[in-house]
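**Student:** Got a structure for you, written out below as structure tokens; questions coming shortly.
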Amino acid sequence: MHTPSYVPAANGQPARIYYTGRASRKHYGPGSSYAIGALELIDCEWRRRDAPLIVGSEPRPSVLEPLVVADGGRFMMWFQASPHEVGPRELPDYELRVVESEDGLRWSPPRVFATPVEGFFDNAVARVGDEWVIILARGSNLHDTPDFPAQGAWM
């Protein structure tokens, strides 16, 4: 389980932890794949949903880094889609997407929120009054790859 996103009970739905799980035997590089699943708090016990909630599709079969919030009568999820997890000597190819759901289980088709050209890897959101504020960040160079995009955060 990687990148958990906790959502308290909302909109008649139980508390959930959304997470990234490996969907392939490989951890990184071509052929690696990840999907987004969920645990639900039912009768004071955390239970894993049987199937992933979000899976990627070509050319971005890997989805990672879920961030889920309940907002009014809906849920919103931001996540990363990529061809695979970046490995040694590879430059990042991340696309940030956003989806919506009424129940936190069945999600709308994804909309691109940030393109690979922008290089964002992760995000955080916060409600400030009647508006949402988002902070976007570029990922770290875990494998010491030359010409890797500069790290930073943008609001």
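Residue numbers (this note's numbering): 153 to 307. Beta carbons: idealized from backbone N, C-alpha and C, even for Gly. Quick caveat: nothing in here was measured; it's all calculated off a predicted structure.
Could you name the residues that DSSP lists as bridge partners for Arg241?
**Tutor:** Answer is none; Arg241 lacks a bridge partner.
**Student:** Can Glu197 and Arg168 be called in contact, C-beta distance under 8 Å?
**Tutor:** No, these two residues do not count as a Cβ contact at 8 Å.
**Student:** Can you say whether Ala266 is buried or exposed, counting buried as having 16 or more other CB atoms within 10 angstroms of its CB?
**Tutor:** With 16 or more other Cβ atoms within 10 Å, it is buried.
**Student:** Across which residues does DSSP place Val269 in a beta bridge pair?
**Tutor:** Note: Val269 sits in no beta bridge, so no partner.
**Student:** What does the alpha-carbon distance come out to for the pair Leu294 and Gly304?
**Tutor:** Looking at the two C-alpha atoms, the distance is approximately 15 Å.
**Student:** Give me the Cα-Cα distance between Ala302 and Ala175, rounded to the nearest whole angstrom.
**Tutor:** Each residue's alpha carbon lies about 29 Å from the other.
**Student:** Taking only the alpha-carbon atoms, compute the straight-line gap between Phe273 and Arg290 and give it to the nearest angstrom.
**Tutor:** Rounded to the nearest angstrom, the two C-alpha atoms are 5 Å apart.
**Student:** What residue does the beta strand (DSSP E) around Trp284 start on, and which one ends it?
**Tutor:** That run of the beta strand (DSSP E) goes 283 to 290.
**Student:** Are the CB atoms of Ser214 and Ala233 within a distance shorter than 8 Å?
**Tutor:** The answer is yes: Cβ separation under 8 Å.
**Student:** How would you call Pro261, buried or exposed, if buried means at least 16 neighbouring beta carbons within 10 angstroms?
**Tutor:** It is exposed - the Cβ of Pro261 has fewer than 16 other Cβ atoms within 10 Å.
**Student:** Taking C-beta to C-beta, are Pro218 and Met229 nearer than 8 Å?
**Tutor:** Yes, Cβ-Cβ distance for Pro218 and Met229 is below 8 Å.
**Student:** With DSSP collapsed to three states, give me the class of Ala175.
**Tutor:** Ala175: coil per DSSP, three-state reduction.
**Student:** Where do the ends of the beta strand (DSSP E) carrying Met229 lie?
**Tutor:** Counting along the chain, the beta strand (DSSP E) containing Met229 begins and ends at 226 to 234.
**Student:** Please identify the residue among Phe231, Tyr186, Arg199 whose C-alpha is closest to the C-alpha of Leu288.
**Tutor:** Answer by Cα proximity: Phe231.
**Student:** Mind listing, in chain order, the continuous beta strand (DSSP E) runs of no fewer than 3 residues lying wholly within the region 153 to 225?
**Tutor:** List check, beta strand (DSSP E) in window: 154 to 159, 168 to 174, 186 to 194, 197 to 200, 214 to 223.
**Student:** Determine the contact status of Gly173 and Met153, defining contact as a CB-CB distance below 8 Å.
**Tutor:** It is a contact, given that the beta carbons lie within the stated cut-off.
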